[in-house]
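J.: Here it is: the structure, laid out below.
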Amino acid sequence: MEKTSFSLLKYSGKRVSLYSERVHIIKIMQFQEAHDSFLNWLEVIKNKSPRTIEQYNRHLTKFSEYLEDKNIDSFTYKVGDITLKIAE
Numbered sequence: 008m009e010k011t012s013f014s015l016l017k018y019s020g021k022r023v024s025l026y027s028e029r030v031h032i033i034k035i036m037q038f039q040e041a042h043d044s045f046l047n048w049l050e051v052i053k054n055k056s057p058r059t060i061e062q063y064n065r066h067l068t069k070f071s072e073y074l075e076d077k078n079i080d081s082f083t084y085k086v087g088d089i090t091l092k093i094a095e
């Protein structure tokens, strides 16, 4: 996985992050793909412990199961579609 830089620039005296394009990509990413990418990011980029990654995986898997219980296919569900309405 390619390492992404989140550079900060000063714009009108304020710090502005340059990751809006990356956020857009994540919003259109399918949930399962985002799940796998996030766990990979935790391991490779953030160098988190295996236990931390296991915990995140456990919670994301439970959320995926919740989506399936609501008859939502987590393999086609886009991250940008996640709202509080799915809790209803």
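Numbering (my numbering), first residue to last: 8 to 95. Ideal placement from N, C-alpha and C gives every residue a C-beta, glycine not left out. Bear in mind that the values here come from a model prediction, so they are computed numbers and not experimental data.
1. Could you give the residue range of the alpha helix (DSSP H) that holds SER44?
2. Could you compute how far the alpha carbon of SER65 sits from the alpha carbon of ILE93?
3. Buried or exposed, going by whether 16 or more other CB atoms sit within 10 Å of the CB of TYR84?
4. To the nearest angstrom, report how far apart LEU74 and LEU91 are at their CA atoms.
5. Are the CB atoms of LEU67 and ILE60 nearer to each other than 7 Å?
6. Measure the CB-CB distance between VAL86 and PHE45 and report whether it falls below 7 Å.
T.: In short, the structure shows the following:
1. Its alpha helix (DSSP H) spans residues 38-51.
2. For the sequence presented, residue 65 should be read as Arg rather than Ser. Near 20 Å, if we compare the C-alpha coordinates of ILE93 and ARG65.
3. In the assembly as shown, TYR84 is a buried residue. Its beta-carbon has 16 or more other beta-carbons within 10 Å.
4. Near 12 Å, if we compare the C-alpha coordinates of LEU91 and LEU74.
5. By the CB criterion at 7 Å, LEU67 and ILE60 fall outside the cutoff.
6. PHE45 sits away from VAL86, with the two beta carbons spaced by 7 Å or more.
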